[in-house]
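Residue numbers (the numbering used here): 35 to 429.
All C-beta atoms in this analysis are idealised placements derived from N, C-alpha and C, irrespective of residue type, glycine included.
What you are looking at is a predicted structure, and each value in this text was computed from that prediction instead of being measured.
Written out below as structure tokens is the structure these notes cover.
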Amino acid sequence: MKQTIKGNVSWIGYMDWELKKFHGEEYTITEGSSQNAYLIEEEKTVLIDTVWTPHKNEFVDNLEKEVGLKNIDFIVMNHGEADHSGALPELMKHIPDTPIYCTANAVKSIEGQYGKNNWDLRVVKTGDSVDIGNGKKLIFVEMTMLHWPDSMATYMTGDAILFSNDAFGQHYAVGGLFNDTADQCKLEYEAMKYYANILAPFSTLVSKKITEIKALNLPIDMIATSHGAIWRDKPMWIIEKYAEWAEEYQEDQLTILYDSMWEGTAAIAREISRVAARVSPNTMVRMFNCSKSDLSEMMTEVFKSKAIAVGSPTISRDIMMGVSSTIRFMKSLKFKNKRAAAFGCYGWSGESVDILKRELADAGFQVTDTNIRSMWKPNDEDLESAEELVRALLG
Ligand SMILES: Cc1cc2nc3c(=O)[nH]c(=O)nc-3n(C[C@H](O)[C@H](O)[C@H](O)COP(=O)(O)O)c2cc1C
Ligand SMILES: [Fe+2]
Ligand SMILES: [Fe+2]
């Protein structure tokens, strides 16, 4: 069923209350998600994006019932990723001659995934526009690398809607569709989790793009994203948040990440958290066992932190797998301006702390000289040095 969002524009996406994972197993979803596609029915009938492949039949049936496939004048593909283009091949079986507006890079991603199909792919660049009648038009804005080379946003004049695709989205199923019908804490958390896990590596480009969008001076009354809530109440709020998040964002937070085989390294982790609460009482302290915690949520907490402490015992002259993959994930997200310290227990050769320091530096963290390295179990002196470590991180 389509649902009107404003004027002659409606939502015609897929609300997925059951989805638990995204991007394979990489991104965990706890509140459901949605793939938002939109239908514009002005003098021209325009479809903006589609849904993921498993929902293609329902999507195409729905479009047929709501508007009639033959009545679609053209399609806008803001992004070629399968969650938005997956239903396109099925749709095009019915209307193979319908023009599809997309970026030059989207021609590559669409043909790369679905083959050359002789579809009428019409390449657009930033500033290009197309009339949709009733005095309105669609203006295209390339969003290169936000988050794929092919990404684009589409602005509709008159109703002043920015169809932003993945940018400003969240994996959060909001039955009421709009941000003012969502749980506000969850909405902000899910938007931040999405930014931290998907957009953070491109923060420099996010800053530039926001400056560019603001310079266009287009009124924005609504931001219709491709996942989660549509921003209709104070839509500029999420743009301002992105501007903040893109500038080496941090809160007064310390996140402790560790793993442990026989509790020694865990004991150091707990001491660090206790000392942090004492010496820096306003700091939010979070702690995660890397192998038992959700990777996407840990990334969100690290994104918010000004410092992290990372611990692993030595195992086979190396660090534990859960810690290793956590550091590797943090590296890929290119967090900036965050301090890090290492700690861990060992029995004989004791490589873990040096490995942690090296890998954290390689992941872009400012690694403190202070660390805690305990033979077998932390002794009183080791535990007392937690204060020095915390001061080096938070001071
Ligand atoms: C499978 C295994 C492999 C280990 N390999 C090493 C090693 O290569 N070098 C070393 O110094 N200690 C090694 N250890 C000893 C641990 O680092 C030591 O027991 C440490 O105190 C464990 O810390 P935890 O209590 O945080 O698990 C190994 C222990 C286990 C169980
Ligand atoms: Fe995407
Ligand atoms: Fe997406």
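Going along the chain, which residues of its own chain have a beta-carbon closer than 6 Å to the beta-carbon of residue i, five neighbours each way excluded?
i      : result
His128 : Leu103
Met190 : Leu172
Phe322 : Leu291 and Met332
Ala280 : Ser237, Val240 and Ser241
Arg156 : Pro133 and Tyr135
Phe399 : Lys372 and Ala374
Lys299 : Per the sequence shown, residue 299 should be read as Thr rather than Lys. Only Tyr292, Gly345, Pro347, Gly378 and Cys379 meet the Cβ criterion.
Arg407 : Val387
Thr137 : Glu176, Asp184 and Met186
Tyr48  : Gln69, Val85 and His89
Taking the alpha-carbon of residue i as reference, which of the options has the nearest alpha-carbon?
i      : options                           : result
Lys411 : Ala311, Trp296, Thr360 and Arg362 : Trp296
Lys40  : Gln400, Ala216, Tyr72 and Arg373  : Tyr72
Lys55  : Trp45, Gly47, Ser68 and Val43     : Ser68
Ile361 : Glu421, Leu252 and Ala397         : Ala397
Asn91  : Val101, Glu274 and Ala121         : Ala121
Asp286 : Arg373, Lys220 and Asn112         : Arg373
Thr404 : Gln147, Glu422 and Ile109         : Glu422
His57  : Trp45, Met111, His118 and Met49   : His118
Thr62  : Gly114, Glu224 and Trp271         : Glu224
Val313 : Asn199, Leu394 and Val424         : Val424
Phe174 : Glu222, Asp154 and Ile109         : Ile109
Arg308 : Lys338, Ser185, Glu282 and Glu418 : Glu418
Glu222 : Ala420, Ser198, Trp271 and Ser383 : Trp271
Ala343 : Gly356, Val158, Thr402 and Lys142 : Thr402
Cys324 : Ala341, Ser294, Gly356 and Met409 : Gly356
Ala395 : Ala341, Ser383 and Asp416         : Ala341
Can you tell me the Cα-Cα spacing of residue i and residue j, whole angstroms?
i      : j      : result
Leu428 : Leu288 : 8 Å
Asp131 : Gly210 : 35 Å
Ser346 : Glu60  : 22 Å
Ala187 : Ala249 : 15 Å
Lys365 : Pro123 : 36 Å
Gly66  : Thr79  : 30 Å
Leu509 : Gly381 : Absent from the model: residue 509. The displayed extent of the chain is 35 to 429, so no value can be given.
Phe369 : Asp95  : 43 Å
Lys170 : Glu100 : 22 Å
Lys326 : Met354 : 12 Å
Ile257 : Ile247 : 13 Å
Leu53  : Ser358 : 27 Å
Gln37  : Thr334 : 32 Å
Trp265 : Val208 : 11 Å
Ala194 : Asp255 : 5 Å
Asp267 : Phe212 : 8 Å
Cys219 : Tyr276 : 17 Å
Ile46  : Val85  : 9 Å
Ile166 : Gly192 : 11 Å
Gly146 : Ala426 : 49 Å
Tyr148 : Ala310 : 53 Å
Ala116 : Leu367 : 22 Å
Asn413 : Ala420 : 11 Å
Glu393 : Asp200 : 31 Å
Ile389 : His181 : 31 Å
Leu125 : Met111 : 13 Å
Phe337 : Gln284 : 7 Å
Ile302 : Glu282 : 29 Å
Lys142 : Val158 : 13 Å
Asp50  : Glu415 : 53 Å
Buried or exposed: where does residue i fall if 16 or more other Cβ atoms within 10 Å of its Cβ makes it buried?
i      : result
Asp83  : buried
Ala234 : buried
Glu305 : buried
Pro88  : exposed
Met177 : buried
Ser260 : buried
Lys391 : buried
Asn70  : buried
Trp153 : buried
Asp217 : exposed
His198 : In the sequence as displayed, the identity of residue 198 is Ser instead of His. Buried, because 16 or more other Cβ atoms sit within 10 Å of the Cβ of Ser198.
Asn151 : exposed
Asn139 : buried
Enumerate in chain order the residues of its own chain whose CB-to-CB distance from residue i is below 7 Å, with the five nearest sequence positions on each side excluded.
i      : result
Tyr228 : Gly203, Gln204 and His205
Asn42  : Ile74, Glu75 and Glu76
Phe363 : Leu329 and Met333
Glu385 : Thr348, Arg351 and Asp352
Using a Cβ-Cβ cutoff of less than 8 Å, which residues in the same chain neighbour residue i once the five nearest sequence positions on both sides are dropped?
i      : result
Ile106 : Thr79, Val80, Leu81, Leu97, Ile129 and Thr132
Ile244 : Ile273, Tyr276, Ala277 and Ala280
Met179 : Ser185, Phe236 and Leu239
Ala263 : Gln204, Tyr206, Val208, Leu211, Phe212, Asn213, Thr215, Ala216 and Leu221
| message | I'd like to know if the stretch 310-319 and the stretch 369-388 are in contact, where contact means that at least 3 CB-CB pairs between them fall below 8 Å. | response | The stretch 310-319, when compared against the stretch 369-388, does not touch it at the 8 Å Cβ threshold.
| query | For the 8 Å Cβ check, are there 3 or more pairs between the stretch 146-166 and the stretch 213-229? | reply | no
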